[in-house]
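Residue numbering for the sequence shown follows my numbering, starting at 184 and increasing by one per position. Here the structure comes first, spelled out in structure tokens, and everything after it is commentary.
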Amino acid sequence: MAGSKQYEWKTIVKYMAIVLATMVIGKVTGGIAIAIAVPILVFAAIARDKPVELLFWTLFMTYFALANRNIFANNGIVILTTRITLILMAGVLSMNLFSKNRKVARLVSPFWGIFAYIFWECVASAQGWQPIVSYLKLILFFVIFLALICCTNRVNRSSRMNAKLLRSACLGFICVMVFGSVLLRKSGLAQLQGEEALKAVLAGETVSLFTGMTCHSQVLGPFAALIGVFIFADFVFSIKKFDKLYVALLLCCPVLVYWTSSRTGMGTFMAGCGLVMFFAFRAKGLGNAWKQRLTSLAILGTVVAGLGVVAVPQIREGVMKYVVKYGGGTKKVTTEDVLASRQGKFDEMFAHIKEKPFQGHGFQVSEEMLHEKRSGFVEYLSAPVEKGTWIFAIVEEGGAIGMIFFTGWVIYLIFTLAKRHAYMGASVMFTFLVANMGEFSIFSMSYIGGFFWALVFAAVCFDVQRMKTAGMQVFWVPIEQVRAEEEELEGLDAWTRRQG
Numbered sequence: 184m185a186g187s188k189q190y191e192w193k194t195i196v197k198y199m200a201i202v203l204a205t206m207v208i209g210k211v212t213g214g215i216a217i218a219i220a221v222p223i224l225v226f227a228a229i230a231r232d233k234p235v236e237l238l239f240w241t242l243f244m245t246y247f248a249l250a251n252r253n254i255f256a257n258n259g260i261v262i263l264t265t266r267i268t269l270i271l272m273a274g275v276l277s278m279n280l281f282s283k284n285r286k287v288a289r290l291v292s293p294f295w296g297i298f299a300y301i302f303w304e305c306v307a308s309a310q311g312w313q314p315i316v317s318y319l320k321l322i323l324f325f326v327i328f329l330a331l332i333c334c335t336n337r338v339n340r341s342s343r344m345n346a347k348l349l350r351s352a353c354l355g356f357i358c359v360m361v362f363g364s365v366l367l368r369k370s371g372l373a374q375l376q377g378e379e380a381l382k383a384v385l386a387g388e389t390v391s392l393f394t395g396m397t398c399h400s401q402v403l404g405p406f407a408a409l410i411g412v413f414i415f416a417d418f419v420f421s422i423k424k425f426d427k428l429y430v431a432l433l434l435c436c437p438v439l440v441y442w443t444s445s446r447t448g449m450g451t452f453m454a455g456c457g458l459v460m461f462f463a464f465r466a467k468g469l470g471n472a473w474k475q476r477l478t479s480l481a482i483l484g485t486v487v488a489g490l491g492v493v494a495v496p497q498i499r500e501g502v503m504k505y506v507v508k509y510g511g512g513t514k515k516v517t518t519e520d521v522l523a524s525r526q527g528k529f530d531e532m533f534a535h536i537k538e539k540p541f542q543g544h545g546f547q548v549s550e551e552m553l554h555e556k557r558s559g560f561v562e563y564l565s566a567p568v569e570k571g572t573w574i575f576a577i578v579e580e581g582g583a584i585g586m587i588f589f590t591g592w593v594i595y596l597i598f599t600l601a602k603r604h605a606y607m608g609a610s611v612m613f614t615f616l617v618a619n620m621g622e623f624s625i626f627s628m629s630y631i632g633g634f635f636w637a638l639v640f641a642a643v644c645f646d647v648q649r650m651k652t653a654g655m656q657v658f659w660v661p662i663e664q665v666r667a668e669e670e671e672l673e674g675l676d677a678w679t680r681r682q683g
């Protein structure tokens with residue numbers, strides 16, 4: 184199979200085999216093998232300064248909680264092991280976080296701003312619905328977010344980083360998730376069953392119960408959308424040619440979203456790809472020929488899709504049914520139709536916001552928790568909460584003050600990432616926020632939110648490697664100084680070899 188200047192097939196196959204072997208061995212042993220092996224592999228990667236392996240296992244660990252339970256052992260043992268490993272990882276990596284080493288990526292520092300919002304939530308949660316639950320979840324978010332940001336700094340600082348191997352490792356994981364989900368389309372292993380299926384049907388999710396490589400159809404939609412934007416951004420800014428593997432992945436991602444009937448997922452994918460195209464037209468170094476090809480592709484895709492919807496009745500009816508999700512015979516789509524499945528949650532949140540408009544009701548808790556009794560620490564730590572769109576959920580939890588802190592940080596983050604040429608990180612972060620317009624998961628670090636944050640930081644690592652290759656400043660010291668230091672340590676050809 185033909186190679187590529189940006190990745191190597193041997194490494195992709197290696198990491199695909201690791202993912203599949205972990206799934207099989209974990210399933211056979213009921214998760215015990217994962218509980219033993221994964222922490223060892225993670226800390227071995229830290230001790231031996233293997234940044235590619237460290238990022239790969241971090242990304243993979245955050246996926247454990249939302250994996251398909253029919254083919255992966257994501258039981259209590261595995262989830263607890265993941266949390267403990269991330270906590271220990273945060274402790275180990277944070278020891279040199281504030282060292283005198285000036286090689287701290289300028290792309291990572293804006294993420295620290297979220298802790299202004301977290302500090303406010305510590306204050307607001309004292310008078311919330313369930314302070315104990317809120318504080319435990321605040322600690323969990325802080326520790327796992329710290330682990331992710333420390334991992335990112337370790338990867339970016341390492342003089343042993345290889346851009347080609349990094350991309351290949353991530354592609355190995357993504358290929359299993361995307362192509363594996365496609366292959367499971369007709370399998371009973373990728374369909375909601377039992378009580379979960381009944382709940383989905385009662386909630387109106389009658390179009391599809393397809394879960395792919397994830398545990399729920401509502402997870403697969405945004406999951407495929409974010410991975411699709413991740414791949415598209417790397418395709419646009421780093422690959423810069425119509426690579427067969429990238430094209431295949433990009434074709435599969437929207438198909439997976441469509442199969443889940445996720446309106447949020449499809450809107451998320453389109454919005455994320457739109458921002459990538461916006462950045463592409465503004466970015467320097469892509470070349471006019473590549474920009475023209477991207478423009479032609481975007482125009483062609485828009486025209487073909489528009490003509491298909493307008494001219495073919497079957498496609499038009501299918502799109503209307505997909506958007507409305509209820510009442511397939513409806514001819515005129517209204518805002519009320521689109522929002523029908525969310526209106527009850529919106530009304531409930533509006534009522535809560537009116538009760539405490541300035542300070543909110545506390546971090547990641549709900550009114551139902553006022554009447555729940557818990558007997559132990561584990562029950563407090565695992566208390567689930569279901570929210571609607573993040574725009575209302577942030578106000579419900581932290582009031583108007585919390586909303587000011589959070590939105591101020593988000594605007595600063597995305598604009599700063601774009602200004603510093605971290606287009607991939609900015610695009611994936613924006614896509615993450617759009618995905619939360621449907622279901623609030625930003626602070627759900629032990630579920631889908633943890634994986635999405637890991638994907639955001641992985642995108643930032645890709646940006647750092649791309650900028651290193653282009654000779655752009657990525658640390659607070661000039662790139663020439665970084666290059667000289669690493670060449671002095673490992674030889675004159677080390678810099679070029681690591682960039683692939």
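We treat Cβ as the ideally placed atom computed from N, Cα and C, and that holds for glycine.
Within 10 angstroms of the Cβ of alanine 200, are there 16 or more other Cβ atoms? Answer buried if so, exposed if not. exposed
Helix or strand or just coil, what does DSSP make of glutamine 374? strand
Excluding five sequence neighbours on each side, which residues of the same chain lie with their C-beta closer than 7 Å to the C-beta of proline 234? Arg337, Val338, Ser341, Arg343 and Met344
Out of Glu191, Val361, Gly296 and Ile594, point me to the one whose CA is closest to leucine 433's CA. Val361
Could you pull out every residue in the same chain whose Cβ sits closer than 7 Å to the Cβ of methionine 607, ignoring the five residues on either side in sequence? Ala416, Asp417, Phe420, Ala642, Phe645 and Asp646
On the DSSP bridge list, what partners appear for alanine 250? Thr397
For phenylalanine 613, which residues in the same chain have their Cβ closer than 7 Å to its Cβ, ignoring the five residues on either side in sequence? Gly455, Leu458 and Ile597
What residues in its chain sit with their C-beta under 7 Å from that of valine 639, if we drop five residues either side in the sequence? Gly608, Val611, Met612 and Phe615
Could you work out which residue in Leu600, Ser629, Lys320 and Phe588 is closest to tyrosine 300 when comparing CA atoms only? Phe588
Does the contact criterion of 3 or more C-beta pairs under 8 Å hold for the region 437 to 455 versus the region 463 to 472? no
Under a Cβ-count criterion, where at least 16 other Cβ atoms within 10 Å of its own Cβ denotes burial, should alanine 407 be classed as buried or exposed? buried
Distance, alanine 618 Cα to methionine 453 Cα: 11 Å
By how many angstroms is the C-alpha of phenylalanine 356 removed from the C-alpha of phenylalanine 243? 8 Å
Would you call glutamine 401 buried or exposed, if buried means 16 or more other Cβ atoms sit within 10 Å of its Cβ? buried
Over the uninterrupted alpha helix (DSSP H) stretch that includes proline 222, give me the two end residues. 215 to 230
Would you mind giving the Cβ-Cβ distance between arginine 603 and leucine 290, rounded to the nearest angstrom? I have them listed as a contact below 8 Å. 6 Å
For aspartate 232, I'd like the list of residues in its chain whose CB is within less than 7 Å of its CB, leaving aside the five on either flank, ordered along the chain. Ser341 and Arg343
So, at 7 Å on beta carbons, what are the nonlocal neighbours of proline 293 in its own chain, with the 5 sequence-adjacent residues on each side left out? Tyr595, Leu596, Thr599 and Leu600
Under a three-way DSSP split, which group does glutamine 648 fall into? helix
Aspartate 530 - DSSP class collapsed to helix/strand/coil: helix
So what's isoleucine 625 in DSSP terms, helix, strand or just coil? coil
Pair within 8 Å by beta-carbon distance, histidine 544 and glutamate 569: no
Need the endpoints of the alpha helix (DSSP H) that proline 314 sits in, please. 314 to 340
If you draw a straight line from the C-alpha of methionine 532 to the C-alpha of valine 578, how long is it? 9 Å
Just tell me which of Val438, Leu354 and Leu428 has its CA closest to the CA of phenylalanine 393. Val438
Just reading off the alpha helix (DSSP H) that lysine 602 is part of, what are its end residues? 573 to 602
Is leucine 269 near valine 326, with beta carbons less than 8 Å apart? yes
For the alpha helix (DSSP H) containing alanine 273, name the first residue and the last one. 259 to 276
For tyrosine 190, does the three-state DSSP call read helix, strand or coil? coil
Tyrosine 190 to lysine 347, Cα distance in whole Å? 5 Å
Phenylalanine 546 versus glutamine 475 - alpha carbon distance: 47 Å
How is glycine 510 classed by DSSP in three states: helix, strand or coil? Residue confidence is low: glycine 510 scores 44 on pLDDT, short of 50, so the model does not pin down where it sits. Its coordinate-derived value is still stated next. DSSP places glycine 510 in coil when its eight states are reduced to three.
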